[in-house]
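Peer 1: The structure under discussion is supplied below as structure tokens; questions concerning it will follow.
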Amino acid sequence: MSAVRASRALNASPSITGTLSMKQAGKLRSSERPRCLLVTDVPSTALPTDLLRALKDGGAVQRDFALTSITSPPPSLPRQPSLSKTYHLTFPSAALAFDAHRLLSHAPLFPSTSTLRSRATALTPPPARVQFTTDSADQWTAAQLEGAISALSGSYPAGATRFEAAWASREGVQGRRVVVKGLPGKVSPQELAKLFKDCKVERVKDAIKRLPPSPTSTTSVWAVTTESVSAAYALARKVHMNWYFSTLYGETYLMRARVHW
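Encoded structure:
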């Protein structure tokens, strides 16, 4: 069963997957208590290393908590504009996850972002700063990918390789992928390979991969995996706010690029 199908099957039962409050998680048997958290109040410009430093400085995790225990949203997701984003944290034990939840519920890691919550009203309360989740990092990633693809209502580009959790969660690519937006909707990977030929693109399958576009977008979004972090930043500097000329339509497209962590 694929990761996306597995996520769909799990999501069919609220008792198996989803988010839980401290009260709900506390009612579970010790062997069933979740050891994963979703931290929702992280500034959109923060890197996983920034979050790890803040977690350690705030005493929410132990000093040996690994960067690999922090999972970022998949490239180009979420779609909606926001000043903050959500990260998935995996703890060695449920007890440590509960300790972190207690602390993060009362002491925001990034107070400047949390002050935005003061604008919420009784009718539109702010989302919880931290929640338990029974989803593993791969299941959480798969669920987001499934939602992005299903939103396209069958209009996913024909012949495009699928946007799957195994690709999004591949180890060792943090900081080596560049998300490039604004390219023509019908541009091919071969055309982009020529555009990025001097940018030290990794020589593997799906090094240049089309991502699901917004449902109403006429342009395309791509992820380019490079050989190193420095190469990724060099590529982003090269194409960001630069123009791409389409020989097919004779039009220019303004590209935007950022390194994905």
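Residues in the sequence shown are numbered from 1 upward in steps of one, following the numbering used here.
Backbone N, C-alpha and C fix where the C-beta goes; we use that ideal spot for every residue, glycine too.
In this text, all values refer to a predicted model and were calculated from it rather than measured experimentally.
Should V178 and V224 be called a contact, given that it needs their Cβ atoms to be closer than 8 Å?
Peer 2: Yes.
Peer 1: Please confirm whether S84 and P43 have their CB atoms less than 8 Å apart.
Peer 2: For S84 and P43, yes; Cβs fall inside 8 Å.
Peer 1: Does the stretch 130-139 come into contact with the stretch 36-52, if we say contact requires no fewer than three beta-carbon pairs (one atom in each stretch) closer than 8 Å?
Peer 2: Yes, they touch.
Peer 1: For G182, count the other beta carbons within 10 Å of its own beta carbon; 16 or more makes it buried, fewer makes it exposed. Which is it?
Peer 2: Buried is the call here.
Peer 1: Three or more C-beta pairs under 8 Å: does that hold for the stretch 27-34 against the stretch 86-104?
Peer 2: As far as the Cβ criterion goes, the stretch 27-34 touches the stretch 86-104, which means the pair count is three or higher.
Peer 1: For F245 and E251, what's the separation of their Cα atoms in angstroms?
Peer 2: Computed Cα separation, rounded: 6 Å.
Peer 1: Taking three-plus beta-carbon pairs below 8 Å as touching, is the stretch 18-27 in contact with the stretch 61-81?
Peer 2: Counting Cβ pairs under 8 Å, fewer than three are found: no touch.
Peer 1: Could you tell me if Y253 is buried or exposed, where buried requires 16 or more neighbouring beta carbons within 10 angstroms of its beta carbon?
Peer 2: So Y253 ends up on the buried side.
Peer 1: In the structure shown, what three-state DSSP assignment does E164 receive?
Peer 2: Coil.
Peer 1: Nearest to E164 by CA position, among A107, S21 and P73, is which residue?
Peer 2: When only C-alpha atoms are compared, the closest one is P73.
Peer 1: On the three-pair Cβ rule with 8 Å, is the stretch 231-247 touching the stretch 204-214?
Peer 2: No, the stretch 231-247 does not touch the stretch 204-214.
Peer 1: Do F196 and L248 have their CB atoms nearer than 8 Å?
Peer 2: Not closer than 8 Å, so no.
Peer 1: Tell me whether S21 sits in a helix, a strand or coil according to DSSP, three-state version.
Peer 2: Reduced to three states, the DSSP call for S21 is coil.
Peer 1: List the DSSP bridge partners of Q174.
Peer 2: Paired residue(s): none; Q174 is not in a bridge.
Peer 1: For R170, which option in T19, E191, A60 and P75 has the closest C-alpha, if you only look at C-alpha atoms?
Peer 2: With distances taken between Cα atoms, R170 lies closest to P75.
Peer 1: With DSSP collapsed to three states, give me the class of W222.
Peer 2: Looking at W222 - three-state DSSP - the assignment turns out to be strand.
Peer 1: Exposed or buried, which one is A143 when buried takes at least 16 other CB atoms within 10 Å?
Peer 2: The residue is buried, with at least 16 neighbouring Cβ atoms inside 10 Å.
Peer 1: Applying the criterion that 16 or more other CB atoms from any shown protein chain within 10 Å of the CB defines a buried residue, is A100 buried or exposed?
Peer 2: Counting Cβ neighbours within 10 Å, A100 comes out buried, since at least 16 surround it.
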